[in-house]
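Before any comments, here is the structure.
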Amino acid sequence: MSLSDELSATSRASAFPSSSEPGWWKSAVVYQVYPRSFQDSDGDGLGDLRGIMNRLDHLERLGVDVIWLSPIYRSPQADNGYDISDYEAIDPVFGTMDDFDDLLARAHERGMKIVMDLVVNHTSDEHPWFVESRSSPDNPRRDWYWWRDARPGTTPGEAGSEPNNWGSFFSGSTWEFDPQSGQYYLHLFDRKQPDLNWENPDVRHAVYAMMRRWLDRGVDGFRMDVINLISKHPGLPDGEMAPGSLYGDGFPLFAHGPRLHEFLQEMHREVFEGRSGLLTVGEMPGVTPDEAMLFTDPARRELDMVFQFEHVGLDHGDGSKFTPRPLAPGALAESLTRWQDALAESGWNSLYLSNHDQPRAVSRFGDDKQWWRESATALATILHLQRGTPYIYQGEELGMTNHPFASIDEVRDVESINHYFEQTSAGGIDSDVLAAIGRIGRDNARTPLQWDSSRNGGFTTGRPWIAVNPNTTTINAEDQYGVPGSVFEHYRALVGLRHERPVVADGSFRRIDGGSDFVFAFERKLGSAVLLVVANLSSSERLVELDAYDEPWHEAELVLGNRPRTGREAGLFSPWEARVYAL
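Sequential numbering from 524 applies to the sequence shown in this note's numbering.
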């Protein structure tokens, strides 16, 4: 029996000895499902809730404890569901509320929790709240959103008359002119995603009431989309203009606003107080370690953990993620270590390399050509064995790679499409713009999950909404199940280690000097239990020297590795080799 078989045989029973206890999520592993790309059950080319139900065996086999669902609410799909028109209805493309209740019950029967994606910084412009708000300046819901007059001395509706100079995350201005009222409304993202005005207590309490109804239905918590943007700087002043920029930098003025902690503490009181067994995680672009420590300090009663963005911004160039720069040797390890150290005494880390907004980890941080399997498993090893709660994004457990987009016609993501046309209209070279999208664009993560080597990878019997990666013939779940050393089986082993060894969930973290920027080594310790994790994060051999240990560390028990052991020098690590020792 393989290590992954041994660990997974008992991990499901022991994963949640009592999921009502505070901090149960420290020994849990979360799996993110992007529903439209997970599994199609009816042949329309879009994943759906029935498709998720049909693949619960995959998640149970992997051993995960929590399923995080990207938005399944009713939506016009301007931003693939992150533009919600009804928070309490299931979009028909995914199924019905009965389907959702069935999925929830089946997941709970298997010992898995369901966490919903909560998008309350903004709604769709088709949400009834905004339809009312837009109908008249005198409507009671007018100030549920951010409405402003044109800049003084300008003509409303003309370029340069926007209330301030902020640039949108999705290109262009953050302001959209409404001819009917002669005012502008704020949208930090797409123009079809107007920002809610959290300064209005009626907005907040409507949101809290909606959240309570989902919890009453049996949902086990929320992942809160860009939750650090709900409090904005009073007055919405202009942002600083960088040389050559089309718009001002509004981020310091609309992120981490002065009432953010107040709002999150109020949310905790109004929604989560008195309930047990829940998970709350806030997505917070730009959050610093010091800020994260406050948000996740249990005594402050705000959030269980946050998603920070430091490590997924390391390869961003000046001004935009679409102007990439090479990842410096050791930069990823340094960033991860910084966050481990910062939240060591108070607070908690969310551990991730991939999600629906990021390119595939093995293509970004690894070597998806010559050392595909090795780098996929090495990255998984160094992530899952840190202190924090690990997140697996669908397909990551298979080593799925970036998609070879050949034309903008193959792209579906609104952010990438807007960027492409903004840049090409300004004189950008088509092939260069497309190459940047192919490297960092969000659609890399959104291609259908590769279940087998058949046409469309077993995702659908119809035409998929976005093309399946052609490498499904060689990278797919069916070919990895039960295969020793496969990416999937390595993930199973890592999940099992977290469930079976308390040192992984609760132990301290200490970085160990590995003698090279390409070597990431660290120690986890809890009482007498000690795990040593050593990984060569490069495509060349490295001699690892750990001066922190007097005894020959490489003679300790090898708990897990991703390369066959040979008779070579024990400290010599092959490209992308990772080892876990029990000292």
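Ideal Cβ placement from N, Cα and C applies to all residues, glycine included.
Could you work out which residue in the options is closest to residue i when comparing CA atoms only?
i     : options                    : result
V1027 : D1002, L908, V1103         : L908
Q788  : S799, F777, A854, T803     : T803
S1031 : R1047, S1039, P913         : R1047
L876  : L906, K892, W862, D864     : L906
I931  : P757, H879, L957           : L957
V934  : S976, Y707, A968, T860     : A968
V835  : P849, R792, E1078          : P849
G1037 : L572, H1077, R740, Y707    : H1077
G805  : S858, N872, I960           : N872
T995  : Q893, T984, W974, M816     : W974
H779  : Y1072, L817, E938          : L817
A990  : D602, L1055, N999, G980    : G980
V589  : P615, L859, R597, A551     : A551
L579  : P812, D841, Y554           : Y554
H581  : S1039, G1084, S1061, F1011 : F1011
H756  : A732, R736, E722, R740     : E722
V1056 : F1043, G634, K844          : F1043
P781  : H839, M764, E814           : E814
F700  : T900, A682, Q863           : A682
Taking the alpha-carbon positions, what's the residue i to residue j distance?
i     : j     : result
L526  : S754  : Note that L526 scores a pLDDT of 45, beneath 50, so its modelled location is shaky; the value from the coordinates is reported in the next line. Approximately 48 Å, taken between the alpha carbons.
E1068 : E1100 : 15 Å
P852  : A867  : 24 Å
S1051 : T819  : 28 Å
D890  : L783  : 40 Å
F795  : F745  : 11 Å
P926  : D955  : The sequence shown places His at residue 926, not Pro. Answer to the nearest angstrom: the Cα atoms are 16 Å apart.
Y557  : P675  : 44 Å
L972  : R665  : 42 Å
A854  : R887  : 13 Å
L1081 : M734  : 46 Å
G800  : D743  : 7 Å
D827  : R798  : 14 Å
I963  : A1000 : 24 Å
R629  : R823  : 34 Å
R986  : P599  : 20 Å
D936  : G604  : 12 Å
Could you pull the DSSP bridge partners for residue i from this structure?
i     : result
I637  : I590
L1055 : E1046, Y1104
R746  : D640, V804
Q1134 : The chain is shown from 524 up to 1106; residue 1134 falls before or after that span and cannot be answered.
M828  : V804
H839  : P847
Leaving out five residues on either side along the sequence, give the residues of the same chain with a beta carbon under 8 Å from the beta carbon of residue i.
i     : result
T678  : S684
S1097 : E897, N1059, E1064, R1086
L1095 : E1064, R1065, L1066, V1067
I613  : L572, I595, Y596, R597, T619, M620, D622, F623
Suppose the cutoff is 6 Å on Cβ atoms and the five residues either side in sequence are ignored; what does the same chain contact list for residue i look like?
i    : result
W988 : G568, L569
G705 : P679
V730 : V643
H879 : Y557, S593, A968
Evaluate residue i with the Cβ neighbour count: other Cβ atoms within 10 Å of its Cβ, from every protein chain shown; 16 or more gives buried, anything less gives exposed.
i     : result
G762  : buried
K715  : buried
A536  : With a pLDDT of 39 at A536, under the threshold of 50, the predicted position of this residue should be treated as unreliable, and no value is reported.
A884  : buried
P870  : One point to set straight first is that residue 870 is Gly, not Pro, in the sequence displayed. Buried: at least 16 other Cβ atoms inside 10 Å.
G758  : exposed
L769  : exposed
R1102 : buried
E632  : exposed
I952  : exposed
R1088 : exposed
P913  : buried
P724  : exposed
H650  : buried
A903  : buried
S658  : exposed
H728  : exposed
S564  : buried
P882  : buried
Can you name, in chain order, every residue of its own chain whose Cβ lies under 7 Å from the Cβ of residue i, other than the five neighbours on each side?
i     : result
S531  : Here S531 scores only 43 on pLDDT, less than 50, and its place in the model should not be relied on; the value that follows carries that caveat. Cβ within range, chain order: G586, R1015, G1019.
D718  : N644, H645, Y668, W669, L709, H710, L711
I575  : V556, P558, F561, Q562, L626
F617  : P558, D571, L572, I595
N720  : D666, W667, Y668, W669, V726
D528  : Bear in mind that the predicted position of D528 carries a pLDDT of just 45, short of 50, making it unreliable; the figure below should be weighed with that in mind. Excluding residues within five positions, none has a Cβ falling inside 7 Å.
P488  : Nothing about residue 488 can be read from this structure; the chain reaches only from 524 to 1106.
D1070 : D1036
Check the Cβ-Cβ distances between residue i and every residue of chain B, and say whether any is below 8 Å.
i    : result
G773 : Going by chain labels, chain B is absent from the structure shown, which holds only one protein chain.
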